[in-house]
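In the working numbering, the protein residues as written are 11 to 506.
Every residue, glycine too, gets a C-beta built ideally from N, C-alpha and C.
Quantities reported herein were computed from a predicted structural model and do not represent experimental measurements.
Have a look at the structure below before the remarks.
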């Protein structure tokens with residue numbers, strides 16, 4: 011459908027809807043024809059909009075067609091009864107209206123599922139808070155007065171109670187559409203507006219039935235007719251939602267608007283209870299009091315869920331803050347903290363050797379240029395995982411920067427630490443090699459000095475041909491070098 015056709019159709023439907031509400035005698039034959047014509051035009055617009063969708067996207071919107079069809083049948087029956095038997099209530103038309111809520115609710119649920127919405131516990135609690143508040147108010151001010159009315163028949167009480175409860179279901183669906191984590195597209199907003207118009211019109215009708223007044227008939231008709239237009243617009247914009255790219259993900263949780271809405275919904279029963287008590291009309295005080303307690307319990311549950319989400323988010327942010335995103339290893343900040351912690355442990359335990367090492371992948375730039383950046387990233391990830399397996403919790407492994415990594419360990423002796431360093435050198439995947447510079451902490455030097463000596467050893471390993479492990483000389487070199495036994499480093503590329 012062209013954009014011009016949609017605009018013209020919406021304009022015609024809006025004009026017809028407003029014109030019907032402005033008719034001085036809504037029960038006349040002309041008003042009935044205009045009302046039914048508006049419903050029929052909305053139905054045609056809905057069918058055309060639905061047919062423009064791909065076949066695999068039409069399923070949820072098919073349910074809105076019988077919903078409008080049942081409304082149209084109810085309107086025909088009602089307009090007929092207004093001429094033949096205007097005082098009959100409830101009438102068979104109410105059966106069509108009430109049954110029409112079923113496909114309307116099913117279609118809305120399927121639309122919500124089709125957009126990929128995920129109902130988090132917090133969003134579910136928000137929907138329950140609003141629905142429970144609406145349920146309490148409906149029971150107190152609409153359902154209970156109908157059920158306790160001595161002037162109504164049993165069928166009248168059943169039908170009169172069914173409308174408010176059906177509206178609570180529709181309201182809960184609106185909250186579900188707006189509070190879940192799915193994308194809130196223009197189609198979803200139109201559908202929510204249509205359901206809200208139905209709830210508002212039904213509420214006005216229920217208030218008229220309870221109070222015996224007839225002052226909002228024009229507004230009720232307007233809201234009902236506009237709701238049908240919104241259903242058609244929702245189906246039309248569903249096609250545009252497919253063509254448009256998905257919006258960026260949005261953070262879930264309580265916004266200021268949602269918090270204000272929840273506070274209003276949760277506090278409304280208590281406010282009404284206080285107002286009735288102030289006017290010495292406390293007949294529903296028990297019901298409103300129980301409803302207020304229910305709201306309080308739900309709000310406590312919502313606060314608990316917020317705290318749980320906050321703790322989970324804090325833990326996740328802490329992990330992200332100390333982890334390198336590419337390799338999953340500790341990042342530079344975590345390395346600095348761990349180095350300070352290991353130095354404290356080494357000072358307290360003089361029987362173990364603290365060894366720091368720097369690892370640098372040989373010819374990584376050449377590999378990155380020839381194999382591609384993705385292959386280079388894969389090499390970094392695979393090397394990190396291979397080294398983690400070798401370290402196996404015996405130390406700290408971190409990404410130092412670029413293709414350089416750092417390792418820190420407390421070992422019983424120097425030979426064991428050097429052996430682990432050399433195993434790391436030999437564990438590089440994809441046939442690549444690395445150079446390792448190691449430095450043993452002398453018991454008093456600072457962390458920067460220890461890393462400087464490890465870096466100097468790495469530079470020496472690079473300059474001596476790469477693919478080797480070099481141990482830095484002590485910070486204070488003795489005048490007479492220590493004697494080494496023959497074969498101490500046989501079979502390895504470890505040099506001192």
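- Looking at 374, 420, 437, 405, the one whose alpha-carbon comes closest to that of residue 414 is 374.
- DSSP, read as helix, strand or coil, puts residue 437 in coil.
- Within the same chain, and ignoring the five residues on either side of residue 70 in sequence, the residues whose Cβ sits closer than 7 Å to its Cβ are 117, 120, 121, 124.
- Contact check for residue 151 against residue 114 fails: the beta carbons are separated by 8 Å or more.
- Cβ-Cβ distances below 7 Å link residue 344 to 332, 408 in the same chain, with the five nearest sequence neighbours on each side left out; the list follows chain order.
- Residue state for residue 370 is assigned as strand, using DSSP reduced to three classes.
- Membership of residue 415 in the beta strand (DSSP E) is indicated by the continuous run 414 to 421.
- Around the Cβ of residue 55, a 10 Å sphere holds 16 or more other Cβ atoms; the residue is buried.
- With 16 or more neighbouring CB atoms inside 10 Å of its own CB, residue 337 falls in the buried class.
- In the structure shown, the three-state DSSP call for residue 345 is helix.
- Here the C-alpha atom of residue 388 lies approximately 40 Å from the C-alpha atom of residue 358.
- Taking a contact as a CB-CB distance under 8 Å, the pair residue 247 and residue 302 does not count as one, their CB atoms being some 39 Å apart.
- Within the same chain, Cβ atoms closer than 6 Å to the Cβ of residue 89 are found at 42, the five residues on either side in sequence being excluded.
- Residue 482 is positioned such that its CB atom lies closer than 8 Å to that of residue 447.
- For the pair residue 385 and residue 321, the Cα-to-Cα distance works out to about 37 Å.
- The Cβ-Cβ distance between residue 339 and residue 394 falls below 8 Å.
- Residue range 405 to 411 is occupied by the beta strand (DSSP E) that includes residue 411.
- An exposed status is given to residue 158, since fewer than 16 other beta-carbon atoms sit within 10 Å of its beta-carbon.
- By the criterion of a C-beta distance shorter than 6 Å, residue 156 is surrounded in its chain by 167, 170, 171, once the five residues flanking it on both sides are discounted.
- In this chain, the beta strand (DSSP E) harbouring residue 445 covers 444 to 450.
- Of the residues 428, 138, 205, 456, the one whose Cα lies closest to the Cα of residue 184 is 205.
- Per the DSSP secondary-structure output, residue 333 pairs in a beta bridge with 340.
- Put simply, the backbone Cα of residue 210 is about 22 Å away from that of residue 245.
- Beta bridge pairing from DSSP links residue 363 with 421.
- Inside the stretch 54 to 138, DSSP marks whole alpha helix (DSSP H) runs of 4 or more residues at positions 69 to 72, 74 to 94, 102 to 124, from first to last along the chain.
- Residue 178: member of the alpha helix (DSSP H) spanning 164 to 189, first to last residue.
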